[in-house]
Amino acid sequence: MNSPILIDLFAEDRAHEEFLKAMINRIAKEETKEVSLQIRSARGGHGRVLNELAIYQKAVLHSESSLLRMPDLLIVAIDANCRNFNEARQEIEKALEKSFIDRTIIACPDPHVERWYLADPDSLKKVIGVGPKVGRKKCERGYYKSILSKAIIDAGHPPTLGGIEFAREIVENMDFYRARKGERSLNHFLNAAIPSIRSMQV
155 MNSPILIDLF AEDRAHEEFL KAMINRIAKE ETKEVSLQIR SARGGHGRVL
205 NELAIYQKAV LHSESSLLRM PDLLIVAIDA NCRNFNEARQ EIEKALEKSF
255 IDRTIIACPD PHVERWYLAD PDSLKKVIGV GPKVGRKKCE RGYYKSILSK
305 AIIDAGHPPT LGGIEFAREI VENMDFYRAR KGERSLNHFL NAAIPSIRSM
355 QV
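Here the sequence shown stands for residues 155 to 356, where the numbers follow my numbering.
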């Protein structure tokens, strides 16, 4: 029996963590792969993610413990924050040690991860009862978080985590074709993640 694919995840906040956990689990299920996912970063913004990523890589490369071994895949997620997508991606690439480059999948939601939650309004409506109109990309901080939170409230749900609590259901019901079509940064992530998980023989 094959061992699970070991995947480590660095993300800048819980919204990234919950969405990407659900996304990885869905891809693995569809590709009939078993994964073991570890959250390796503390929350606190993308600067902290990159600092801890540097510490983590050195620890893995020098560790003799089975609790901190080289992952099969590493996923690093930071918001693009309306910078050029390639600039955001290159910021992560520059932070990678040579041993990690070929096993790292980069996620840079543009401009913020909440737009990925909203990427397929039809499926979102099925999950929460409201499918908000997202419109053209805006860079204002908190803009998409507000749209997602308002949709949760308008649908009659308690405003607990602003939509993050529905991450698994949103991702499970998402039509990837529709979601990728309007979200270039999500398309980039899926174009890397799906074949990487598919090709893993562990």
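Built from N, CA and C at the ideal position, the CB exists for glycine as well.
Handout entry: Beta-carbon separation (whole angstroms), G285 vs P275, contact threshold 8 Å
Key = Confirmed, Cβ separation roughly 4 Å.
Exercise for the section: Measure the alpha-carbon distance for K299 versus K287 and round it to whole angstroms. Expected result: Roughly 13 Å between the two C-alpha positions.
Exercise for the section: Have a look at the DSSP bridge pairing and note the partners of F408. Expected result: Since the first residue shown for the chain is 155 and the last is 356, residue 408 is missing from the structure and cannot be characterised.
Practice task
For P349, count neighbouring Cβ atoms within 10 angstroms of its own Cβ and tell me buried if that reaches 16, exposed if not.
Solution key: Residue environment: P349 is assigned as exposed (fewer than 16 neighbouring CB atoms within 10 Å of its CB, all protein chains considered).
Handout entry: Secondary structure, alpha helix (DSSP H): runs of 4+ residues fully inside the region 210-269
Key = The region 210-269 contains these whole alpha helix (DSSP H) runs: 239-248 and 252-255.
Handout entry: Own chain partners of S333 with C-beta closer than 7 Å, once the 5 adjacent residues on each side are dropped
Key = The sequence given here places Ala at residue 333; Ser does not occur at that position. Within its own chain, the residues whose Cβ lies closer than 7 Å to the Cβ of A333, once the five positions on either side in sequence are excluded, are A273, D274 and L340, listed in chain order.
Problem - Residue from R295, R338, L227 and R352 with nearest C-alpha to F239 - result: Closest option to F239, Cα to Cα, is R338.
Problem - Short Cβ contact (7 Å threshold) for P225 with I161 - result: Cβ atoms of P225 and I161: closer than 7 Å.
Practice task
Measure the Cβ-Cβ separation of R243 and C262 and say whether it is below 7 Å.
Solution key: Closer than 7 Å, so yes.
Problem - L191 in three-state terms, based on DSSP - result: Note: L191 maps to strand in three-state DSSP.
Handout entry: Counted within 10 angstroms of its Cβ, other Cβ atoms place H342 as buried (16 or more) or exposed
Key = That one is buried.
Exercise for the section: Confirm, please, whether the CB-CB distance from R194 to L227 is below 7 Å. Expected result: In this structure, L227 keeps its C-beta atom at 7 Å or more from the C-beta atom of R194.
Practice task
Sort T186, V214 and F164 by Cα distance to I351 and report the nearest one.
Solution key: Of the listed residues, the one whose Cα sits closest to I351 is T186.
Handout entry: Strand pairing of I159, partner residues [DSSP]
Key = I159 pairs with V189.
Practice task
Would you identify the three-state DSSP class for R290, choosing helix, strand or coil?
Solution key: Coil, per DSSP.
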